[in-house]
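Residue numbers (this note's numbering): 77 to 597.
Below, the structure written as structure tokens:
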């Protein structure tokens, strides 16, 4: 039955009952027109409005009956009817289908074409034959099909009731499955791929919840707020990015955060900037093709090679600058020295108990100098077809401060080392024993020069400051000295002992001359 089929019946009913309504200035004919216009096929609504108008105490109250606020009150009187209609839907096997129809009809701004409603339900895996004929029965008569073959809510008061009802929570489009209390404001949420786990993060704590049972699995304090996180590795780990400019990864089953990726302890470019080697504490060495921007491999120590194999402490690194030798020399803190092929990431050479604090290859790639923590210097020569062995032809032993760094001259004939506050320049004969032509083949480099290992002692320089100026008294019994540390002292010539510090100049002053003026009595 369509709305047009009931219009005459509504008109007859209104005509027979309108006399119960007092005469007001707006007129009964205008009042009948407004009632019929808003009836929308609901006889119950018409009867309720007539009853309200008959009970009105003033013209203003009667005129406001048809306003939205009064309609809401009228709708309350119809809630029992709508509740009984919904109850018939809840207690049958088509509740899920009815809920889908209600959701689509309520969210639509205009009546839905039956074809469109049928397609929308099909996307929700619900294909209904003869939907136009059965939609009213499925919806408990709350959805009707008009003469234009459109599905719509039976009345605007029914729409209000469906949107606000809480009697039948199973008909809600979004239902609360479980409630979990994070304890503070949760800024970031993440669901696992199967929706069985929920991670929540506030400013100070991260929690993981079981969504099926609604209880907390574990919680962990954090030092920096989480910006974003995601379940990874088949939901076994939780990866997170923090405000502390580092990323962390949590092992869900053990409830332990993996340590943030540490700062690198050593990093070095090859001389031609083609390669980059980086060491992180507790990790292998990583080698990258800097030009091609790709990872070449990791240089890992064998477990049997060191008693501290799990600690990858690196003292220094050195690439061989010769273009045809792709090796990296590594000195570890436990005294081991290794040579790796950076192309294959394979170990080529190793030697224990070297304890090289500093490494440096000369510019022609022929020799390697190492400096120890006790000031000793050793010069090695690369040998083998790929520069994968080292021959030690020259030693400079000393018991001094550790070598901080070493630098070669451009012609490879001299080098300098830094120890303490001093810099020393060396020109050992071994560096001039064979000059390599860079245009020559690799075969020439592979012919190692056989030289008997030599050892020399280092000249120890006094720690006293350098004298920069000197003068004496007329008699010659005292001598005044100006020193490189800006101090002026005097000595007794008879005993050759320093008597006293006279004064010291300010920083940046160099003493170049001293004059003694003896006053006449």
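Just so it is clear, CB atoms sit at the ideal spot from N, CA and C, and this is done for glycine as well.
Short of 7 Å from the beta carbon of residue 411, and not among the five residues preceding or following it, lie these beta carbons of its own chain, in chain order: 428, 429, 430 and 431.
Here residue 427 is bridged, per DSSP, to 413.
The Cβ atoms of residue 394 and residue 435 lie closer than 7 Å to each other. Between residue 582 and residue 551, the alpha-carbon positions lie close to 31 Å from each other. Between residue 86 and residue 112, the C-beta spacing is below 7 Å. Taken atom to atom, the span from the alpha-carbon of residue 448 to that of residue 283 is near 50 Å. Residue 558 has 545 and 564 as its beta-bridge partners, per DSSP. Boundaries of the beta strand (DSSP E) harbouring residue 265: 264-267, taken from the DSSP string. With a cutoff of 7 Å on beta-carbon distance, residue 577 and residue 589 are scored as not near each other. As far as DSSP is concerned, residue 583 takes part in no beta bridge. Here residue 187 is buried, its C-beta having at least 16 other C-beta atoms within 10 Å.
Between residue 218 and residue 161, the C-beta gap is smaller than 7 Å, which places the two residues in contact. Counting only runs of 3 or more residues that sit fully inside the region 353-408, the beta strand (DSSP E) segments are 361-365, 370-375, 390-395 and 403-408, in chain order. Per the C-alpha coordinates, the member of 357, 278 and 437 positioned closest to residue 391 is 357.
Contact check for residue 308 against residue 315 passes: the beta carbons are separated by less than 7 Å. Looking at the DSSP output, residue 296 shares a beta bridge with 282. For residue 455, no alpha helix (DSSP H) segment is defined; the enclosing uninterrupted segment is the beta strand (DSSP E) at 453-459.
Taking C-beta separations shorter than 8 Å and ignoring five residues to either side along the sequence, the partners of residue 348 in its chain run 397 and 399, following chain order.
The region 487-498 makes no contact with the region 456-467: fewer than 3 CB pairs, one atom from each, lie closer than 8 Å.
Between the alpha carbons of residue 554 and residue 587 lies a gap of roughly 19 Å. Residue range 219-221 is occupied by the beta strand (DSSP E) that includes residue 221. Counting only the Cα atoms, residue 466 lies some 18 Å from residue 452. The beta carbon of residue 200 lies closer than 7 Å to those of 176 in the same chain, with the five residues before and after it left out. Residue 547 and residue 592 do touch by the CB rule: their CB atoms are close to 5 Å apart, below 8 Å.
Inter-residue distance for residue 415 and residue 438 is about 16 Å (C-alpha atoms, whole angstroms).
Here the alpha carbons of residue 122 and residue 84 stand approximately 13 Å from one another. Within the same chain, Cβ atoms closer than 6 Å to the Cβ of residue 285 are found at 256, 274 and 292, the five residues on either side in sequence being excluded.
Taking the C-beta atoms as reference points, residue 558 is found nearer than 7 Å to residue 545. For residue 192, the enclosing alpha helix (DSSP H) begins and ends at 190-199. With respect to the C-alpha of residue 368, the residue from 350, 361 and 354 having the closest C-alpha is 350.
With respect to the 7 Å criterion, residue 311 and residue 269 are classified as neighbours on the basis of their beta carbons.
In the structure shown, residue 89 falls within a helical segment according to DSSP collapsed to helix, strand and coil. Taking the Cα positions, residue 233 is about 8 Å away from residue 154.
Shortest Cα-Cα distance from residue 445 to any of 421, 426, 167 and 405 involves 405. Annotation for residue 234: the continuous alpha helix (DSSP H) segment containing it runs 232-240.
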